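Trainee: Provided herewith is a single structure, encoded as structure tokens, for subsequent inquiry.
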Amino acid sequence: MNAALNIWNQNLKTKLIGVGYGQAYADIKGTEGLVRVGGNDILLILTGGGIIGLLFYLNIYFYQIKILIKKYKIFKCKSMKILIEQLLISIIYFFFVGITSGVLSTPEIWMIFGISAYVNSLKFKRRISAD
């Protein structure tokens, strides 16, 4: 709890642009000096990147969700719909897990974003019957 309060106090000093990504440190009892703190992604992004950085961070999630829902409505293939459903569930899961424990440093979230971007690049082609 002390670490979260120290990070929040750093955030209050520079609300708009933050103190710089990776520069959130806390004075934790039982350790010598300041310790770089991980954990709540939203709090760390808010401290490191300020309000502007937090808006970009949230935009990544909401944009991915928006394009996946759009593609879900377009695609008729059942396997693509299942893939998109799984991507949506994963993105929402990682967002909420990031609130309690940091996920930005795990490769899984970036793989999910990459697969989501690939699905967004796919074009829907209608089959024309050869009647």
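The numbers in numbering that gives the first Met the number 0 rise by one with no breaks, and the one at position 114 of the sequence shown is 113. Where is the CB? At the ideal position from N, CA and C, for every residue including glycine. Everything numeric in this text was worked out from a predicted model, so none of it was measured.
Answer yes or no: do D40 and I98 have a C-beta to C-beta separation smaller than 8 Å?
Mentor: If you number the sequence shown from 1, residue 40 lands on position 41. If you number the sequence shown from 1, residue 98 lands on position 99. Cβ distance < 8 Å, so D40 and I98 count as in contact.
Trainee: Buried or exposed: which applies to G101, given that a residue is buried once 16 or more other Cβ atoms fall within 10 Å of its Cβ?
Mentor: As a position in the sequence shown, residue 101 is number 102, starting the count at 1. Counting Cβ neighbours within 10 Å, G101 comes out buried, since at least 16 surround it.
Trainee: To the nearest angstrom, report how far apart G113 and Q63 are at their CA atoms.
Mentor: For this step, residue 113 is matched to residue 114 along the sequence shown. For this step, residue 63 is matched to residue 64 along the sequence shown. Cα to Cα, G113 sits roughly 10 Å from Q63.
Trainee: Where does K65 land, buried or exposed, given buried means 16+ other C-beta within 10 angstroms?
Mentor: Taking the sequence shown and counting its residues from 1, the one referred to as residue 65 is at position 66. Looking at its Cβ environment, which holds fewer than 16 other Cβ atoms inside 10 Å, K65 is exposed.
Trainee: I111: which of I44, L15 and Y60 sits nearest, CA to CA?
Mentor: Working through the sequence shown from its first residue, we reach residue 111 at position 112. Checked all of I44, L15 and Y60; the closest Cα to I111 is Y60.
Trainee: Checking 8 Å against the spacing of the C-beta atoms, do L15 and I44 come in under that value?
Mentor: Along the sequence shown, read from residue 1 onward, the residue named residue 15 stands at position 16. Along the sequence shown, read from residue 1 onward, the residue named residue 44 stands at position 45. Their beta carbons are not under 8 Å apart, which means L15 does not touch I44 by this criterion.
Trainee: What span of residues does the alpha helix (DSSP H) with S120 cover, start to end?
Mentor: Working through the sequence shown from its first residue, we reach residue 120 at position 121. Here the alpha helix (DSSP H) through S120 covers P106 to S120.
Trainee: For K122, count the other beta carbons within 10 Å of its own beta carbon; 16 or more makes it buried, fewer makes it exposed. Which is it?
Mentor: Residue mapping note: residue 122 aligns to position 123 of the sequence shown, counting from 1. So K122 ends up on the exposed side.
Trainee: Does the separation of the CB atoms of Y92 and K80 fall below 8 Å?
Mentor: Locating residue 92 in the sequence shown gives position 93, counting from the first residue. Locating residue 80 in the sequence shown gives position 81, counting from the first residue. Taking 8 Å as the Cβ cut-off, Y92 and K80 do not qualify as a contacting pair.
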